[in-house]
Amino acid sequence: MTEKELNPNIDRSQKVIFIRGLKKAFDDNVILRGVDMDLYKGENLVVLGRSGTGKSVLIKIISGLLTADAGEVNVLGEDVCCITPKEMDKLRLKIGFSFQNSALYDSMTVKENLEFPLVRHAKDMTQAERDKLIDVVLEAVGLRNAINQMPSELSGGQRKRIGIARTLILRPDIMLYDEPTAGLDPITCIEINNLINEVQRRFNTSSIIITHDLTCARAVGDRLVMLLDGEFKREGTFEEVFATDDERVQAFYNYNFSE
Amino acid sequence: MDQSNNKTENSTRTRSHLISRRVDRIFLEIHRVFAFNVRFFKEVFFPPYEFKEIIKQCYEVGVRSLPLISITGFIIGIVFTNQSRPSLQDFGATSLLPALISVAIIRAIGPLVTAIIAAGRVGSSIGAELGSMRVTEQIDAMEVSATNPFKFLVVSRVLATTFMIPALTMYTTLVSLLGGYLNVHQVEQTTIVTFFNQVFDAITFLDIIAASVKSVLFGYTIGMVGCYKGFYSSKGTEGVGKAANTSVVTAMFLLFIEELLVMQVINAIRGM
Ligand SMILES: Nc1ncnc2c1ncn2[C@@H]1O[C@H](COP(=O)(O)OP(=O)(O)OP(=O)(O)O)[C@@H](O)[C@H]1O
Ligand SMILES: [Mg+2]
Chain A
1 MTEKELNPNI DRSQKVIFIR GLKKAFDDNV ILRGVDMDLY KGENLVVLGR SGTGKSVLIK
61 IISGLLTADA GEVNVLGEDV CCITPKEMDK LRLKIGFSFQ NSALYDSMTV KENLEFPLVR
121 HAKDMTQAER DKLIDVVLEA VGLRNAINQM PSELSGGQRK RIGIARTLIL RPDIMLYDEP
181 TAGLDPITCI EINNLINEVQ RRFNTSSIII THDLTCARAV GDRLVMLLDG EFKREGTFEE
241 VFATDDERVQ AFYNYNFSE
Chain B
1 MDQSNNKTEN STRTRSHLIS RRVDRIFLEI HRVFAFNVRF FKEVFFPPYE FKEIIKQCYE
61 VGVRSLPLIS ITGFIIGIVF TNQSRPSLQD FGATSLLPAL ISVAIIRAIG PLVTAIIAAG
121 RVGSSIGAEL GSMRVTEQID AMEVSATNPF KFLVVSRVLA TTFMIPALTM YTTLVSLLGG
181 YLNVHQVEQT TIVTFFNQVF DAITFLDIIA ASVKSVLFGY TIGMVGCYKG FYSSKGTEGV
241 GKAANTSVVT AMFLLFIEEL LVMQVINAIR GM
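The listed protein sequences correspond, in order, to chains A and B.
Note that UniProt numbering has the first sequence beginning at 1, numbered continuously upward.
Note that UniProt numbering has the second sequence beginning at 1, numbered continuously upward.
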């Protein structure tokens with residue numbers, strides 16, 4: 001298990017995401033009860049939490065797929081609750097969202113998947129420039145030879161990497177990874193972890209990584225938070241988060257490392 | 001005392017909830033359907049246009065339906081002609097057969113058969129495709145990459161069905177008439193020229209207009225229903241199956257209602 005060395009490029013004076021008192025419920029099912037969160041420039045923030053605690057809901061609110069019931073969600077200086085759809089689209093170009101189940105477009109090849117955001121948002125690019133960029137991101141995720149395959153022909157880990165490549169292609173300032181390593185073998189996990197760190201180093205992106213895989217959390221996180229009862233209860237480095245008597249936190253730790 | 005108070009409060013709350021929830025849901029659904037249609041007309045006229053996707057869908061709807069529709073149309077032409085003959089024979093009026101076929105096929109059978117086949121083939125596949133894209137978060141993925149999924153998925157598909165179903169209807173009508181001709185030729189030895197002369201004498205311009213309007217309406221309905229059911233599909237694989245299934249059932253139901261309404265309108269115009 002590799003401990004991550006703190007990224008020296010983190011700029012603590014610059015908050016790219018700023019959340020205060022975020023609340024969200026579905027009918028009577030209260031999910032988030034007041035989340036406060038900051039994400040600093042260049043930082044990898046890991047969000048831990050058990051299944052169903054609302055981790056995916058949190059980043060869907062950040063990217064505007066769901067709307068908050070209450071609280072302030074500020075992303076790159078924009079208040080996501082109150083901006084026009086046009087401004088939202090502009091903001092979304094700066095956010096990369098890697099979905100829990102990759103969400104590759106089934107009816108398109110890998111290349112068309114990667115081209116999809118490019119042809120719409122980098123219109124002045126020539127086809128040659130596009131091909132070059134596609135090659136670069138595929139190289140970054142180590143899947144150059146998958147370019148003409150259909151998503152259905154790829155394995156879960158490969159799909160995940162293509163999903164990450166698709167979000168990387170527009171060089172987002174913020175990356176949101178929803179369980180990047182869930183359901184993958186340990187070696188692929190390490191590759192994905194390295195990829196996440198590589199993205200952080202190379203493009204100086206700020207990222208939120210959602211996971212319940214502590215190996216991943218330790219390898220990629222500059223700072224960790226744990227979602228319990230709809231709030232962020234523990235915060236700090238890996239050691240700080242788990243230095244507590246709270247049974248649920250300990251159970252989380254023990255479960256991960258007892259296998 | 002306290003307890004009974006609590007009880008009444010609880011029961012009234014659940015009761016009012018139940019009623020209002022159900023009624024709410026119906027009104028919400030109506031509103032959502034209405035908004036979906038309005039959104040289509042809002043977005044169809046404004047750029048960016050997804051030409052490539054529209055062409056692809058036209059191919060999918062039009063060209064890929066040809067084999068099934070050819071066979072069905074042709075056989076219906078033959079069977080319909082063959083089964084109509086005895087009742088005309090009773091009056092010694094088999095020479096009217098081409099006129100009868102013409103009116104029946106151009107006015108009713110052609111548009112309706114095409115629409116029903118398209119509802120089964122195209123409607124269900126649109127419902128299933130969009131449904132699975134919803135379930136596997138591909139629609140969300142489009143949205144977060146700042147692409148309008150409504151424009152890319154819904155507008156292109158509804159346009160494709162609205163353009164292609166009328167074209168397919170024309171084709172089905174022609175193939176059915178050919179089937180009818182074959183049968184008439186075999187039994188009554190009518191030549192193709194005589195047959196088609198009688199066919200075109202029997203119908204009016206209004207018939208052609210009515211058939212065209214109807215098939216445009218059918219096309220729009222099939223695309224719209226499939227897209228709506230898929231777009232708002234519930235989560236899970238069950239949701240996908242349900243989206244595909246209800247697309248077909250709802251579309252067919254609406255097709256027959258529209259057929260009935262258009263028929264009334266045309267009859268009224270004819271009576272004027
Ligand atoms: N669109 C929705 N409508 C209704 N309820 C929802 C919706 N999305 C999520 N929920 C509910 O919110 C809760 C949290 O869901 P979420 O997907 O955020 O969990 P999670 O923390 O990401 O879990 P996992 O680790 O399993 O992915 C779940 O109980 C779910 O039922
Ligand atoms: Mg999740």
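Ideal Cβ positions, reconstructed from N, Cα and C, are used throughout, including at glycine.
- Of all residues in the segment 92-122 of chain A, only R92, L93, I95, F97, F99, Q100, N101, A103, L104, Y105, D106, S107, F116, P117, R120 and H121 place a beta-carbon less than 8 Å from a beta-carbon of chain B.
- The straight-line gap separating the alpha-carbon atoms of B/I106 and B/I208 is approximately 8 Å.
- A direct Cα-Cα distance of roughly 15 Å separates A/V136 from A/N148.
- For A/I162, the closest alpha carbon among the candidates A/K123, A/A68, A/A243 and A/S102 is that of A/S102.
- For the 8 Å CB-CB criterion, A/K55 and A/I209 do not form a contact.
- Beta-bridge analysis with DSSP links A/K23 to A/R33 and A/A70.
- Around the beta-carbon of B/A160, 16 or more other beta-carbon atoms lie within 10 Å, marking it buried.
- Neighbourhood of ligand 2, defined by CB distance below 7 Å to any of its heavy atoms: A/K55, A/S56, A/Q100, A/D178, A/E179 and A/I210, in chain order.
- Runs of the beta strand (DSSP E) spanning 3 or more residues and lying entirely within the segment 175-215 of chain A occur at 206-211, in chain order.
- Contact check for A/V225 and A/R234: beta-carbon distance about 7 Å, within the 8 Å limit, so the pair qualifies.
- A/K123 is classed as exposed because its beta carbon has fewer than 16 other beta carbons within 10 Å across all chains shown.
- Assignment of beta-bridge partners to A/G236 by DSSP yields A/L224.
- Around the C-beta of A/D27, fewer than 16 other C-beta atoms lie within 10 Å, and the residue is accordingly described as exposed.
- Rounded to the nearest angstrom, the gap between the Cα atoms of A/M88 and A/L65 is 10 Å.
- A/K24 sits away from A/V73, with the two beta carbons spaced by 8 Å or more.
- Annotated as proximal: B/F163 and B/C58, with beta-carbon spacing under 8 Å.
- In the three-state reduction of the DSSP assignment, B/L174 falls in the helix class.
- The beta-carbon separation of A/G221 and A/K4, rounded to 7 Å, stays under the 8 Å limit for a contact.
- DSSP places A/L45 outside any alpha helix (DSSP H); the residue lies instead in the beta strand (DSSP E), whose first and last residues are N44 to L48.
- By the neighbour-count definition (other C-beta atoms within 10 Å, threshold 16), B/H31 is an exposed residue.
- Taking 9 Å as the upper bound on Cβ-Cβ separation, chain B lies near residues K60, S63, G64 and L65 of the segment 50-71 of chain A.
- The C-beta separation of A/G96 from A/P172 comes to about 4 Å, placing the pair in contact by the 8 Å criterion.
- By DSSP's assignment, A/D38 forms a beta bridge with A/F18.
- At least one C-beta of chain A is nearer than 8 Å to the C-beta of B/S145.
- With fewer than three CB-CB distances shorter than 8 Å, the segment 24-39 of chain B does not count as touching the segment 131-142 of chain B.
- Contact annotation: B/G110 and B/I222 have beta-carbon atoms that are not nearer than 8 Å.
- Unbroken alpha helix (DSSP H) stretches of 4 residues or longer found wholly inside the segment 108-180 of chain B: 110-118, 124-135 and 138-144, given in chain order.
- By the Cβ criterion, the segment 81-98 of chain B is in contact with the segment 187-195 of chain B, since at least three pairs of Cβ atoms, one from each stretch, lie closer than 8 Å.
- In terms of side-chain proximity, the C-beta atom of B/S233 is found no nearer than 7 Å to any non-hydrogen atom of ligand 1.
- Contacts between A/D89 and chain B, judged by CB atoms closer than 7 Å, involve A146 in chain order.
- Interface residue (Cβ-Cβ distance to chain A less than 8 Å): B/E238 is not classified as such.
- CA-CA distance, B/K52 to A/F252, rounds to 49 Å.
- Three or more beta-carbon pairs separated by less than 8 Å are not found between the segment 192-210 of chain B and the segment 238-249 of chain B, which leaves the two stretches without contact.
- In the DSSP assignment, A/S98 is bridged to A/Y177.
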